[in-house]
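In order, the protein sequences belong to chains A and B. Everything in the first sequence is counted per the numbering used here, starting at 1 for the first residue and increasing by one. Everything in the second sequence is counted per the numbering used here, starting at 1 for the first residue and increasing by one. Backbone N, C-alpha and C fix where the C-beta goes; we use that ideal spot for every residue, glycine too. Written below as structure tokens is the structure these notes are about.
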Amino acid sequence: MTATIWWTIVGCTVVTAIIKGIGPVALGGRTIPPRLTGVIALMAPALLAALVITSTFAVGDRWHVGAHTVGVAAAGVVLVRRGPVIVAVVVAVAVTAGLRAVA
Amino acid sequence: MSPTSRPGEDDRSASLRAGFRAGLPYAAVGFLLSMSFGILARDSGFSAEAAIVMSATVFAGSAQFAAVSILASGGTTAAAVAAAALMNSRFLPMGIAIGPSMPGRAPWRAAQGQAIVDASWAMANRGDGRFDRWFLFGSTAPQYVTWIGGTVLGALGGDLFDDPSRYGLDAIYPTFFLALVITEIKDRTTAAIALVGGLLALSLVEVAPAGLPVLAASLVALWGLRRGRAAG
Numbered sequence: 001m002t003a004t005i006w007w008t009i010v011g012c013t014v015v016t017a018i019i020k021g022i023g024p025v026a027l028g029g030r031t032i033p034p035r036l037t038g039v040i041a042l043m044a045p046a047l048l049a050a051l052v053i054t055s056t057f058a059v060g061d062r063w064h065v066g067a068h069t070v071g072v073a074a075a076g077v078v079l080v081r082r083g084p085v086i087v088a089v090v091v092a093v094a095v096t097a098g099l100r101a102v103a
Numbered sequence: 001m002s003p004t005s006r007p008g009e010d011d012r013s014a015s016l017r018a019g020f021r022a023g024l025p026y027a028a029v030g031f032l033l034s035m036s037f038g039i040l041a042r043d044s045g046f047s048a049e050a051a052i053v054m055s056a057t058v059f060a061g062s063a064q065f066a067a068v069s070i071l072a073s074g075g076t077t078a079a080a081v082a083a084a085a086l087m088n089s090r091f092l093p094m095g096i097a098i099g100p101s102m103p104g105r106a107p108w109r110a111a112q113g114q115a116i117v118d119a120s121w122a123m124a125n126r127g128d129g130r131f132d133r134w135f136l137f138g139s140t141a142p143q144y145v146t147w148i149g150g151t152v153l154g155a156l157g158g159d160l161f162d163d164p165s166r167y168g169l170d171a172i173y174p175t176f177f178l179a180l181v182i183t184e185i186k187d188r189t190t191a192a193i194a195l196v197g198g199l200l201a202l203s204l205v206e207v208a209p210a211g212l213p214v215l216a217a218s219l220v221a222l223w224g225l226r227r228g229r230a231a232g
């Protein structure tokens, strides 16, 4: 198990470094065609929303709505009202834990 | 700074400082996230040293959680690394987007790319197709420090928490990204792209391997080809 763990760490380190390095190595310092700037500008909302929605409405590879869904929604109210990120996180954790305590 | 001017030393340090300040809230949240990672890793048979080294060298939360979960359920090294690669596949389009803003020789460009983490990348986006790389470096620095710090606390003090999910720590990760996406939604187009990207990913969750649904969402950004031409 120990060797498995360490080889996994080495493997994860290498693939992560390669994935993060490919774009800058391939495209570093180039000027981007104007048509692509529109695509680049839209990548953040698309990727980040996918991370939010898949982690809020699914657990692992199954759709799942639970206490944490409510906690994240409560945090969303804080964030939309321009509350600080750390407050939103505290609200998310408190609501989720609270619901689980009474469930 | 106009898009055509070369950044001077003053601009660099101003960007570094602005990035550092903007990164602090995410560094605080990252501390809690990596603490829950440290706890999970120990529960999954990792030594404290292994958990801490993994955070220091991989520095990518979703990939670390995925790899550890797979080992814990009896999976092989290959399966764990493949899952981590898929979780991190979103850094490929992120790196392609920020690549043109990272000049220098190839090894130095590859090194700069290592500073790409979700929050820094999103905040360094100037919205005109260019990124402020010094802002990115400034923002990633505190996040890296607290990522390791939280892991140390979770790995060494994790016995205090028997079951992290009972404490609602699993709500931190989606909240972290929710805070980021809200700052990215600036108009109807970005709102629609976020909604469609999110729903596309969710529709793939049950049928595609973990990580791929999020990568697939980046395809929705191709809508910008239309917009880019209209803008000029």
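Contact belief for residue i with residue j at Cβ below 8 angstroms, rounded distance in angstroms
i	j	result
A155/B	A41/B	6 angstroms
T175/B	V72/A	6 angstroms
G23/B	G138/B	7 angstroms
Y26/B	A119/B	4 angstroms
W63/A	V181/B	Not quite, the Cβ-Cβ distance comes to about 20 angstroms (not below 8 angstroms), so this is no contact.
S218/B	L47/A	5 angstroms
A194/B	I185/B	6 angstroms
P213/B	G29/A	The pair is not a contact, with the Cβ atoms about 32 angstroms apart (cut-off 8 angstroms).
A83/B	A210/B	6 angstroms
T57/B	W7/A	With 8 angstroms as the limit, T57/B and W7/A do not qualify as a contact, their Cβ atoms being about 13 angstroms apart.
P225/B	G38/B	Sequence check: residue 225/B is Leu here, not Pro. The pair is not a contact, with the Cβ atoms about 43 angstroms apart (cut-off 8 angstroms).
Interface partners of residue i on chain A, CB under 7 angstroms
i	result
I96/B	G23 and L27
F46/B	I5
F91/B	I19 and K20
G30/B	In chain order: nothing, as chain A lies at least about 10 angstroms away.
S218/B	M43, A46 and L47
Partners in chain A for residue i, counting only beta-carbon separations shorter than 8 angstroms
i	result
I172/B	V89, A92 and V93
L169/B	V93
G113/B	K20, G21, I22, G23, P24 and V25
A210/B	G60 and D61
R109/B	G21, P24, V25, G28 and G29
8 angstroms Cβ cutoff, residue i in contact with chain B
i	result
A75/A	yes
R62/A	yes
A103/A	no
R81/A	no
P45/A	yes
Simplified DSSP state of residue i, which is helix, strand or coil
i	result
V58/B	coil
L83/B	Per the sequence shown, residue 83/B should be read as Ala rather than Leu. Correct three-state label for A83/B: helix.
R130/B	coil
V59/A	strand
Alpha-carbon to alpha-carbon, residue j and residue i
i	j	result
T2/A	D10/B	48 angstroms
G38/A	A97/B	11 angstroms
A63/B	M43/A	20 angstroms
L215/B	L160/B	36 angstroms
F57/A	R105/B	43 angstroms
I32/A	A41/A	12 angstroms
S55/B	S34/B	8 angstroms
A18/B	A103/A	44 angstroms
A67/B	V53/B	14 angstroms
G45/B	A72/B	7 angstroms
W121/B	Y144/B	14 angstroms
T4/A	M94/B	30 angstroms
T151/B	A141/B	16 angstroms
T69/A	T96/A	8 angstroms
A107/B	L79/A	Note on residue identity: the sequence assigns Pro, not Ala, to residue 107/B. If you take the alpha carbons of P107/B and L79/A, they lie about 39 angstroms apart.
V93/A	I86/A	11 angstroms
E49/B	L222/B	43 angstroms
C12/A	V220/B	27 angstroms
G66/A	R100/A	9 angstroms
P45/A	R188/B	12 angstroms
T183/B	V77/A	14 angstroms
CB contact below 8 angstroms: residue i versus chain A
i	result
D128/B	yes
F137/B	no
L180/B	yes
R12/B	no
Y144/B	no
T151/B	no
T140/B	no
G99/B	yes
P3/B	For P3/B, the predicted model reports a pLDDT of 48, less than 50, meaning its position is unreliable and no value from the coordinates is stated.
V81/B	yes
G197/B	yes
I233/B	As displayed, chain B neither begins before 1 nor continues past 232, which places residue 233/B out of reach and without an answer.
L71/B	yes
I116/B	yes
M253/B	For residue 253/B there is no data in the structure shown, the boundaries of chain B being 1 and 232.
Cross-chain neighbours of residue i in chain B, by beta carbon under 7 angstroms
i	result
V39/A	A221, L222, G224, L225 and G228
Chain B contact residues for residue i, given Cβ-Cβ distances below 8 angstroms
i	result
V65/A	Within 8 angstroms Cβ-Cβ: nothing; V65/A doesn't reach chain B, min ~11 angstroms.
Residues that residue i contacts on chain E, provided the C-beta gap is smaller than 8 angstroms
i	result
A106/B	Looking for chain E here will not work: the only protein chains present are A and B.
Closer than 9 angstroms at the beta carbon, the chain A residues around residue i
i	result
R166/B	A97, R100 and A101
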